[in-house]
Structures are given as C-alpha cells and as structure tokens.
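*Asks:* Taking this note's numbering, the leading residue of the sequence shown gets 40, the next gets one more, and so forth.
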Amino acid sequence: MRKILGSTMAFVYLIFPMSFILLILLVTPLMFFSDVSAIRTSGFAGPDTALSMIGVSGLVIGISLLVPVFRRIYAVFPWLYPFVKIFFVGMVIINIALSILNFGYQTGSDTRHTLFFILMIVFVVIGRLGMSFYFHRNPVHEEGE
C-alpha cells in the first residue's frame with residue numbers, strides 16, 4: 040500500500056508541477072530570441088521575470104531531487120535527470136542575460152543600449168562555454184550513478 044501511495048504521489052508530482060517546469064525549460068531558450076528582439080525594437084525594457092522563473096523552477100526541481108518518493112520519476116524516465124540539469128543551467132544563463140539587457144534599456148541612451156546588448160552576448164557566450172566546460176569535465180549521468 041505504501042509503495043502504491045508513493046508511486047501515485049510521484050505520478051501526480053510529475054503531471055502537475057514537473058510538467059509545467061519541463062515546459063518552461065523547453066520554451067525559455069526558444070523565447071530568448073523573441074524577447075531580445077522585442078526589447079531591441081521597442082527600445083524599452085521588458086518585464087524582468089528572471090528571478091521568479093529561476094526560483095520557482097529551482098524549487099520544484101530541488102523538491103523532486105530531495106524527496107525520495109519524487110526521485111522515482113528519474114528512475115522511470117532516465118533521460119529526465121540530464122535534461123533537467125542541463126536545461127536548468129541554460130535557463131539560468133538566459134534569464135540572467137535578459138536581466139542584463141533589461142538593465143541596459145532602463146534609460147533612453149543608445150550608447151547604453153548597445154553596450155548592454157554586447158554585454159548580454161558576451162555573458163551568454165561565456166556562460167555557455169563555462170557550462171560546456173563543466174559538463175565536459177563532469178558528465179551528466181542518470182540520477183544515482
């Protein structure tokens with residue numbers, strides 16, 4: 040009975056919060072270019088949702104890794120742990136880059152806009168290179184290996 044209850048809780052956790060987080064992890068890199076384009080063409084900073092997206096995603100992912108019952112999700116779907124780990128780091132890099140761009144567009148100076156656009160690009164490149172170097176040195180395996 041206890042195993043059935045745990046499996047049911049893990050399934051419900053996968054369906055409700057984890058599916059939402061997986062969708063966010065998939066959509067964030069795709070929306071990055073449209074967000075940057077919207078900020079550049081309008082000349083105004085967009086909504087800065089970086090901390091809330093990182094916080095909520097990190098909380099849900101952290102709970103799924105810390106609670107043993109929810110960790111069963113990664114045993115059933117072995118591809119999910121590497122996916123979540125790599126895409127979460129990518130989402131953090133992208134959201135911080137958007138925050139940098141938004142900070143640059145808080146004033147109407149064209150020089151500041153260009154400077155912060157370049158800073159955003161440099162941050163994304165350095166962040167992705169750092170992430171690649173880290174995952175090259177520490178390959179992501181299935182959870183528990």
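C-beta: ideal position from N, C-alpha, C; glycine also.
Would the beta-carbon of F59 fall within 9 Å of that of V99?
*Replies:* Cβ distance < 9 Å, so F59 and V99 count as in contact.
*Asks:* So A136 is in the alpha helix (DSSP H); what residue range does that whole segment cover?
*Replies:* Unbroken alpha helix (DSSP H) run through A136: 119-143.
*Asks:* Identify whether M170 lies in helix, strand or coil by the three-state DSSP scheme.
*Replies:* Helix.
*Asks:* Please determine, among A89, V161, Y113, N177, the residue with the shortest C-alpha to C-alpha distance to N134.
*Replies:* Nearest of A89, V161, Y113, N177 to N134, Cα basis: A89.
*Asks:* Please identify the residue among I160, N177, V108 whose C-alpha is closest to the C-alpha of F71.
*Replies:* Of I160, N177, V108, the residue nearest in Cα terms is I160.
*Asks:* For the 8 Å Cβ check, are there 3 or more pairs between the segment 123-132 and the segment 72-85?
*Replies:* The answer is no - the segment 72-85 does not touch the segment 123-132, with fewer than three Cβ pairs under 8 Å.
*Asks:* Please tell me whether A49 and Y144 are closer than 9 Å, where the distance is taken between their beta carbons.
*Replies:* Not closer than 9 Å, so no.
*Asks:* By Cβ distance, which residues of its chain are closer than 6 Å to L119, with the 5 residues on each side in sequence left out?
*Replies:* Hits under 6 Å: Y113.
*Asks:* Taking its Cβ as the centre, do 16 or more other Cβ atoms sit within 10 Å of M40, making it buried, or is it exposed?
*Replies:* When all chains shown are included, M40 counts as exposed.
*Asks:* If I measure Cβ to Cβ from L154 and keep anything under 8 Å in the same chain, skipping five residues before and after, which residues do I get?
*Replies:* Closer than 8 Å at Cβ, skipping near neighbours: G143.
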